[in-house]
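Some notes on the structure that comes next.
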Amino acid sequence: MLEARLPQASILKKIVESVKDLVSQANFDCSDSGISFQAMDESNIALSSFLLRADGFDPYRCDRNLSLGIKFASLSKILKCAGNDDVVIIRYMDDADILSLVFESPNNERISEFDIKLLDIDSEYLSIPDQEFECKVKMSSSEFSRICRDLMTIGASVVIDATKEGVKFSATGDDGSGSVLLKQSGSIDNEGRGVVGTSVEMVEPVSLELSLKYLNNFTKAAPLSDSVAINMSNGIPVMFQFDVGDIGYIRYFLAPQIKD
Amino acid sequence: KIHQQSLLSFFGTP
């Protein structure tokens with residue numbers, strides 16, 4: 005069986021909102037180390053994954069490895085019935101075909117329970133090579149969202165150039181062009197609610213062209229984290245990571261575009 | 003012409 009109590013429903017709500025437009029259904033893999041997920045969109049262009057470590061739940065109990073097939077649209081609708089500050093208890097009894105979600109209000113005076121039907125999903129796992137990236141950019145997630153939204157008004161793709169100076173986002177379209185340069189700032193304030201600066205850690209400069217349609221989908225994870233890490237190497241898929249507090253992360257992979 | 007590469011050409015199925 006699985007029983008996992010998450011102190012804040014808002015975390016699960018935000019995670020589901022940040023993948024439901026990319027992936028319609030997927031298996032949630034549960035083990036004694038936590039709950040994880042990995043799935044690609046239908047066109048095999050973007051891969052979404054997340055991990056919530058067992059220590060982010062209190063308590064957490066998972067007796068054996070489970071693969072629970074979830075339809076995101078259903079889960080999203082059910083999670084809308086939870087208050088942001090509700091406690092969520094995720095419960096699965098062995099050999100059942102449902103997953104139970106219990107929402108408890110902060111004062112414990114309102115307890116609601118919803119069951120979601122599980123699907124039998126035959127998913128193929130991609131093995132992602134464990135690699136060192138040539139360039140690691142860390143920047144404000146809301147700034148990243150703003151840049152992706154702004155450049156979408158110009159073109160369908162963005163060129164990300166990372167140098168020691170900083171990171172530049174450029175787009176070109178039929179009606180003109182636009183760019184935003186974020187200079188590297190002295191220090192990143194990830195503590196409290198300070199403004200998150202931009203840092204670039206690099207072995208060599210990287211330049212990649214990426215689809216803004218997908219990037220705009222990834223920015224749906226921005227409410228989970230003040231910052232986003234953009235890990236890049238020339239010619240290979242980029243990894244975007246939004247940390248979920250200190251209990252996990254959500255990652256997106258997207259291959260660069262090439263000119264034929 | 004711009005071509006979007008699939009992830010399948012980078013990440014293998016085990």
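Chain order of the listed sequences is A and B. Here the first sequence is numbered in this note's numbering, starting from 5 and rising by one per residue. Here the second sequence is numbered in this note's numbering, starting from 3 and rising by one per residue. By construction, the Cβ of each residue, glycine as well, lies at the ideal position given by its N, Cα and C atoms. Just so you know, these numbers come straight off a predicted model, no measurement behind them.
Sequence-distant residues of its chain with Cβ nearer than 6 Å to residue i (five each side left out)
| i | result |
| --- | --- |
| residue 58 of chain A | 37, 38 and 64 |
| residue 113 of chain A | none |
| residue 221 of chain A | 25 and 26 |
| residue 228 of chain A | 18, 246 and 248 |
| residue 163 of chain A | 174 and 213 |
| residue 127 of chain A | 31 |
| residue 159 of chain A | 175, 176 and 177 |
| residue 51 of chain A | 44 and 257 |
| residue 34 of chain A | 6, 66 and 70 |
CB contact below 7 Å: residue i versus chain B
| i | result |
| --- | --- |
| residue 264 of chain A | yes |
| residue 235 of chain A | no |
| residue 240 of chain A | yes |
| residue 130 of chain A | yes |
| residue 214 of chain A | no |
| residue 48 of chain A | yes |
| residue 155 of chain A | no |
| residue 103 of chain A | no |
| residue 175 of chain A | no |
| residue 51 of chain A | yes |
| residue 43 of chain A | no |
| residue 261 of chain A | yes |
Buried or exposed by the 16-neighbour rule on C-beta atoms within 10 Å, applied to residue i
| i | result |
| --- | --- |
| residue 77 of chain A | exposed |
| residue 99 of chain A | exposed |
| residue 79 of chain A | buried |
| residue 97 of chain A | exposed |
| residue 110 of chain A | exposed |
| residue 185 of chain A | exposed |
| residue 69 of chain A | exposed |
| residue 28 of chain A | exposed |
| residue 202 of chain A | buried |
| residue 135 of chain A | exposed |
| residue 133 of chain A | exposed |
| residue 91 of chain A | buried |
| residue 153 of chain A | exposed |
| residue 115 of chain A | exposed |
| residue 108 of chain A | buried |
| residue 2 of chain A | Nothing in the structure corresponds to residue 2 of chain A, since chain A is present only between 5 and 264. |
| residue 151 of chain A | buried |
Under 7 Å between C-beta atoms of residue i and residue j
| i | j | result |
| --- | --- | --- |
| residue 60 of chain A | residue 251 of chain A | yes |
| residue 6 of chain B | residue 215 of chain A | yes |
| residue 22 of chain A | residue 145 of chain A | no |
| residue 106 of chain A | residue 166 of chain A | no |
| residue 94 of chain A | residue 8 of chain A | yes |
| residue 140 of chain A | residue 208 of chain A | no |
| residue 123 of chain A | residue 66 of chain A | no |
| residue 118 of chain A | residue 82 of chain A | yes |
| residue 120 of chain A | residue 73 of chain A | no |
| residue 14 of chain B | residue 40 of chain A | no |
| residue 12 of chain B | residue 240 of chain A | yes |
Contact set for residue i: own chain, Cβ-Cβ below 7 Å, skip 5 residues either direction
| i | result |
| --- | --- |
| residue 149 of chain A | 223 and 226 |
| residue 84 of chain A | none |
| residue 11 of chain A | 62 and 91 |
Own chain residues within Cβ distance below 8 Å of residue i, not counting five before or after
| i | result |
| --- | --- |
| residue 253 of chain A | 54, 55, 245, 246 and 247 |
| residue 262 of chain A | 213 |
| residue 137 of chain A | 235, 236, 237 and 243 |
Cβ distance (whole Å) where residue i is taken to contact residue j below 8 Å
| i | j | result |
| --- | --- | --- |
| residue 171 of chain A | residue 212 of chain A | About 11 Å separates the two Cβ atoms, so there is no contact after all. |
| residue 161 of chain A | residue 4 of chain B | 6 Å |
| residue 258 of chain A | residue 218 of chain A | 5 Å |
| residue 9 of chain B | residue 44 of chain A | 6 Å |
Residue i: CB within 6 Å of a non-hydrogen atom of the ligand ADP
| i | result |
| --- | --- |
| residue 52 of chain A | This structure lacks the ligand ADP; in fact it carries no ligand of any kind. |
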